[in-house]
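Q: Pasting a structure below so you can have a look.
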Amino acid sequence: MLSEGEKAELLKRARHAAARALGLPEGRRDLPQAEGRLAEPGAAFVTWKKDGRLRGCIGSVEPWRPLSQDVEENAVAALLRDPRFAPAQPRDLSKLSLDVSVMTPLEEVTEPLTQIEIGVHGVVARKGQRSGLLLPQVAPEWGWDVPTLLSQVCLKAGLPEDAWRSGHPPATVYRFSAEVFGESA
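Sequential numbering of the sequence shown, starting at 0, is according to numbering that gives the first Met the number 0.
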């Protein structure tokens, strides 16, 4: 678990990286190097919203760089390179709110209907070169039950909606938790 100070630092770093990428004055100064838990390898997703609606979300599933760097780079990628949205413009940043989801390691599940809890677990479905991920907060936001969550993550992966339970072999399903925190724009 991250401390409140560490959460605030990650949010500050995400917004600073976004401002820098957009060429805004508040992104010009350098931040001190991250320390402690924030300097250790970590994986996170960064979600930008405008008026409560998704505006961009990109992240890392596996830890491979310092958590602070992962958050900063994913904040910029979600803002400028999420293929579902046009790149943000400098004028947009002040209208956007930010959430960070720090991931736990993936855990393969063999009985998804009983091993996945709505609001606690996010899911990944993988088969061949296809993979889809939904964060733990997505299912409650949409009012989904576990079968719907599994179908939706398969569709996101470009697989048939029942790929989690059918096929030879079916898609591999993983669960994870995330520590989710955010700020208001």
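Beta carbons: idealized from backbone N, C-alpha and C, even for Gly. All figures in this text were calculated on a predicted structure; none of them were measured in a lab.
#1: What residues in its chain sit with their C-beta under 8 angstroms from that of GLN68, if we drop five residues either side in the sequence?
#2: With the cut-off set at 8 angstroms, would you say ALA16 and VAL60 are in Cβ contact?
#3: Along the alpha helix (DSSP H) that carries ASP69, what are the first and last residues, could you check?
#4: Between TYR173, ARG27, ALA20 and ALA18, which has its C-alpha nearest MET102's C-alpha?
#5: To the nearest angstrom, how far is it from the Cα of ALA177 to the Cα of PHE44?
#6: Thinking C-alpha only, which one of TRP63, THR109, TRP163 and LEU37 is nearest LEU132?
#7: Roughly how many angstroms lie between the CA atoms of ALA18 and PHE180, to the nearest whole one?
#8: I want to know whether the stretch 142-158 touches the stretch 118-127 - three or more CB-CB distances under 8 angstroms.
#9: Assign THR46 to buried or exposed, taking buried as 16 or more other Cβ atoms, counted over all protein chains shown, within 10 Å of its Cβ.
#10: Using a Cβ-Cβ cutoff of less than 6 angstroms, which residues in the same chain neighbour LYS48 once the five nearest sequence positions on both sides are dropped?
#11: What residue range does the alpha helix (DSSP H) around TRP47 cover?
#12: Using a Cβ-Cβ cutoff of less than 7 angstroms, which residues in the same chain neighbour GLU188 once the five nearest sequence positions on both sides are dropped?
#13: I need the DSSP call for PRO40, collapsed to helix, strand or coil.
#14: Over what stretch of residues does the beta strand (DSSP E) that includes GLY118 continue unbroken?
#15: Quick check on ARG27: does DSSP put it in helix, strand or coil?
#16: State buried or exposed for SER165, treating a residue as buried only when at least 16 other CB atoms are found within 10 Å of its CB.
#17: Thinking C-alpha only, which one of ALA13, GLY35 and ALA38 is nearest GLY26?
#18: Using DSSP with H/G/I as helix, E/B as strand and the rest coil, what is ARG52?
#19: Could you give the C-beta distance for LEU148 and VAL119, rounded to a whole number, given that I count them as a contact under 8 angstroms?
A: Straight from the coordinates:
#1: ALA33
#2: no
#3: 66-79
#4: TYR173
#5: So the alpha carbons of these two residues sit roughly 9 angstroms apart.
#6: TRP163
#7: Distance between the alpha carbons of ALA18 and PHE180: 20 angstroms.
#8: yes
#9: So THR46 ends up on the buried side.
#10: ARG54 and SER96
#11: Per DSSP, TRP47 belongs to no alpha helix (DSSP H); it is in the beta strand (DSSP E), 43-49.
#12: In this structure the chain extends from 0 to 184, so residue 188 is not present and cannot be described.
#13: strand
#14: Taken as a continuous stretch (DSSP letters only), GLY118 belongs to no beta strand (DSSP E), as it is neither H nor E.
#15: coil
#16: exposed
#17: ALA13
#18: strand
#19: With 8 angstroms as the limit, LEU148 and VAL119 do not qualify as a contact, their Cβ atoms being about 11 angstroms apart.
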